[in-house]
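Remarks on the structure that follows.
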Amino acid sequence: MTTAHPMPPPQAPSPASDEPPAPGIRPLRALLQQARPYRFVLLGSLLLALAASGCGLVQPLVARSVLDALADDTVVTGSLIVLSVLVVAGAVLTGLQSWWQQRTSEQVVRSIRRDLVFRLIRLKIPELDRRPPGDLVARVTSDSALVQNAATQGLVMITNGLLTVVGAIVLMGTVHLGLLGVTLAVLLGTGALLGLILPRIREAVARAQSSVGAIGAALDRSLGAARTVKANGAETRETARAEAAVQEAYQAGLTGAKYVALVQVLSGVAIQAAFLAVLGVGGALVASGDLDASQLIAFLLYVFYLASPIASLLGGLGMLQQGLGAIVRIEQVKHLPAEDDVDLPERAAPHTARSTPAPPVEFDGVHFAYPGRGPALRGISFTVPGATRTALVGLSGAGKTTMFALLQRFYEPRAGAIRIGGQDIALMSRAEVRQRIAYVEQESPVMAGTLGDNLRYAATGAGDEDIAEVLRLTRLDSLIARLPDGLDTEVGNRGVTLSGGERQRLAIARALLRRPEVLLLDEATAQLDASNEQALREAVDQAARRCTVILIAHRLSTVTDAEQIIVLEDGGIRAAGSHDDLVGADTLYRELAASQMLVPAVDDRPPGPDAQLTL
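Numbering follows UniProt numbering, with no gaps: position 403 of the sequence shown is 403.
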């Protein structure tokens with residue numbers, strides 16, 4: 001006889017989002033949709049399982065014939081051979097079914113994770129801004145594993161268990177209908193109780209999701225700023241934050257484990273109760289001569305045999321309950337707003353020199369506000385001529401970085417238009433817009449990998465001569481020469497092995513290597529010393545001959561020679577012109593310049609604390 005399948009303990013998938021689980025049958029439909037591409041493979045797995053179960057179902061009948069032959073003092077060799085073949089065949093079929101099922105299971109989870117990774121990387125920036133990265137990552141890892149189990153092993157276990165139970169009941173009916181009625185009465189009573197308990201498993205798993213999400217969020221917060229945590233002696237506070245989430249996940253998991261244990265107890269009690277009831281009633285029938293002993297033994301073997309398919313059925317239902325909680329979160333990701341126009345066609349050249357002139361960039365009546373906040377930009381209109389440098393200056397919150405985000409279509413303006421080379425970027429794909437732009441962020445993020453990987457990140461086809469040129473322009477050539485592995489040197493997680501200035505120069509080199517039409521620099525020299533800053537200014541001046549440069553300036557000294565300086569205040573343009581023009585015409589600009597000792601102070605009062613150029 002086949003062995004029973006223990007019901008798996010509840011696993012706490014990753015955190016749920018702020019949206020409630022979808023009600024009704026929709027999660028089940030979504031889970032079945034995941035299994036649909038593999039329906040024929042799963043059917044093969046089911047047939048193997050049914051064949052193995054069939055070998056077990058026939059064994060009590062063969063055992064009965066052996067007993068009858070012994071009672072009649074006839075030869076039992078043939079029956080024993082048949083029984084041995086059934087046992088071996090059942091074991092072999094069970095092994096084949098297990099391998100087939102695991103293989104299919106891995107294919108399902110691979111497909112789910114591929115879809116999730118594809119979707120997550122293309123989510124729109126507003127969605128990424130408001131969701132903890134740890135929560136999104138967990139949907140790819142633990143949630144997909146729960147759906148994997150439910151969509152393959154769980155469905156097969158439920159179907160196989162149900163069909164095997166039905167088959168056993170039919171065969172038990174051929175042995176004795178009265179004893180079958182006794183068995184069903186016990187099992188149906190237990191089944192009613194299980195029907196009340198099984199949904200509680202899903203509820204417990206759903207509660208555990210948010211707790212596990214808090215763990216991921218806490219670790220992402222702490223590990224992502226490990227130096228800040230350690231420098232401020234905050235290890236205890238951050239540990240307490242994560243431990244509180246761990247405790248919540250533990251309590252939710254413990255609740256689910258209690259329900260699983262209760263299900264196992266009830267299923268075991270049901271089989272034992274059915275056995276005792278059949279033994280009592282059947283014994284009385286044997287004593288009265290209304291039932292043969294061989295019939296009673298065969299029926300009792302079927303009662304014991306029911307333990308395996310019932311355990312399989314309940315185990316599959318438990319996996320299904322866990323998978324339904326996880327599939328809701330996976331489906332939520334699939335319905336988040338994503339950018340569907342960011343993939344370049346295969347024929348697009350990864351790195352080519354441009355022959356067309358640098359395009360102008362135009363903001364025309366642009367309005368924008370972040371969700372739940374006031375206006376960030378109010379009717380911004382200006383033009384950056386091609387192959388020139390324009391600097392954006394202003395106090396913190398004036399809207400400078402927001403303009404860069406709109407220019408790259410990370411966000412969409414609420415009104416107005418942005419044009420590159422006379423073309424409205426709203427009518428261009430995001431891939432096309434971003435292919436024309438190189439962006440050096442304020443934080444100058446570096447990807448884990450080698451220096452060469454980071455340098456070629458947006459220009460995979462760059463040649464050695466081009467690389468050598470940008471390394472020279474950004475003064476990274478001396479750094480590379482000192483490193484034993486050169487460009488193959490690992491930079492560590494987020495470029496931790498590089499200094500702030502080195503990360504900034506690497507980001508600028510990466511942008512220059514791309515040969516963009518428009519170069520955006522967001523305080524790109526803030527962490528450089530005077531010598532390297534001057535070198536980078538010369539590199540930008542050289543780049544401005546072949547592309548349009550827009551800079552956000554922290555130090556006005558870096559943009560005094562820009563062809564155009566735009567002064568922003570409260571989301572609007574306060575003034576525009578050259579450095580000399582603005583010093584004489586705009587009081588805010590003059591105060592900012594005076595605070596950096598570029599011009600004499602307006603009066604003897606020191607500049608206010610807000611007179612800084614920061615984001």
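Glycine included, each C-beta is placed from N, C-alpha and C at the ideal position.
DSSP, reduced to helix, strand and coil, places PHE368 within a strand of the structure shown. The shortest CA-to-CA distance from VAL366 to any of LEU377, THR356 and ARG373 is the one to LEU377. Residue ALA35 holds the alpha-carbon nearest to the alpha-carbon of GLY154 among GLN534, ALA35, VAL175 and GLY134.
Fewer than three pairs of CB atoms, one per stretch, sit closer than 8 Å, so the region 270 to 282 makes no contact with the region 319 to 336. When DSSP reads this structure, LEU392 sits in a beta bridge with ILE552 and ILE566. Per the C-alpha coordinates, the member of PHE382, ASP541, SER396 and GLN442 positioned closest to LEU473 is ASP541.
In this structure PRO413 is not in contact with GLY386, their Cβ atoms being roughly 22 Å apart against a cut-off of 8 Å. Secondary structure note for ASP129: its alpha helix (DSSP H) is the uninterrupted segment 125 to 130. Looking at the DSSP output, ASP135 sits in no beta bridge, so it has no partner there. Between the region 144 to 159 and the region 25 to 34 there are three or more C-beta pairs closer than 8 Å, enough to call the two in contact. When the five nearest sequence neighbours on each side are left out, the beta carbons in the same chain lying within less than 7 Å of the beta carbon of LEU476 are those of ARG505, LEU506 and ALA509, in order along the chain.
Beta-bridge partners assigned by DSSP to GLY577: ILE565. With 16 or more other CB atoms across the displayed protein chains lying within 10 angstroms of its CB, ARG409 is buried. Proximity to GLN596 across ALA576, LEU556, GLU569 and ASP580 peaks at LEU556, based on C-alpha coordinates. By the neighbour-count criterion, in which 16 or more other beta carbons inside 10 Å mark a residue as buried, SER312 falls on the buried side.
Bounds of any alpha helix (DSSP H) do not take in LEU521; it lies within the beta strand (DSSP E) bounded by 518 to 522. DSSP places ILE418 inside the beta strand (DSSP E), whose first and last residues are 415 to 420.
Taking the CA atoms as reference points, VAL170 sits about 45 Å from LEU116. With distances taken between CA atoms, ALA293 lies nearest to VAL278 out of TYR305, LEU306, VAL278 and GLN107. Note: TYR305 is not bridge-paired with any residue in the DSSP secondary-structure output. With 16 or more other Cβ atoms inside 10 Å of its own Cβ, GLY399 counts as buried. Comparing C-alpha distances from ARG241 to each of TRP99, ALA257 and LEU223 shows the shortest one belongs to LEU223. The region 294 to 304 makes no contact with the region 120 to 138: fewer than 3 CB pairs, one atom from each, lie closer than 8 Å. Sequence-distant partners of PRO60 (beyond 5 residues in either direction) whose C-beta falls short of 6 Å from its own C-beta, in its chain, are ALA298, LEU301 and TYR302. Around VAL446, the same chain offers ASN454, VAL491, ARG494, GLY495, LEU498, ARG503, LEU506 and ALA507 as residues with beta carbons nearer than 8 Å, after the five sequence neighbours per side are excluded.
Boundaries of the beta strand (DSSP E) around LEU377: 375 to 384. Per DSSP, ALA539 is one residue of the alpha helix (DSSP H) stretching across 530 to 543. Following the DSSP letters along the chain, one finds ILE425 in no beta strand (DSSP E), marked with neither H nor E. The C-beta separation of ARG430 from GLU339 comes to about 5 Å, placing the pair in contact by the 8 Å criterion.
Counting every other CB atom within 10 Å of its CB across the protein chains shown gives SER45 a total of 16 or more, marking it as buried.
Apart from the 5 residues on each side of it in sequence, GLU235 sits with its Cβ closer than 7 Å to the Cβ of VAL229 in its chain, given in chain order. Assigned with DSSP and collapsed to three states, ALA293 falls in helix. Under the DSSP assignment, ALA438 falls in the beta strand (DSSP E) whose first and last residues are 437 to 440. Exposed is the label assigned to SER288, since fewer than 16 other Cβ atoms lie within 10 Å of its Cβ. Per DSSP, GLU235 is one residue of the alpha helix (DSSP H) stretching across 235 to 288. In the three-state DSSP reduction, PHE363 falls in the strand class (E or B).
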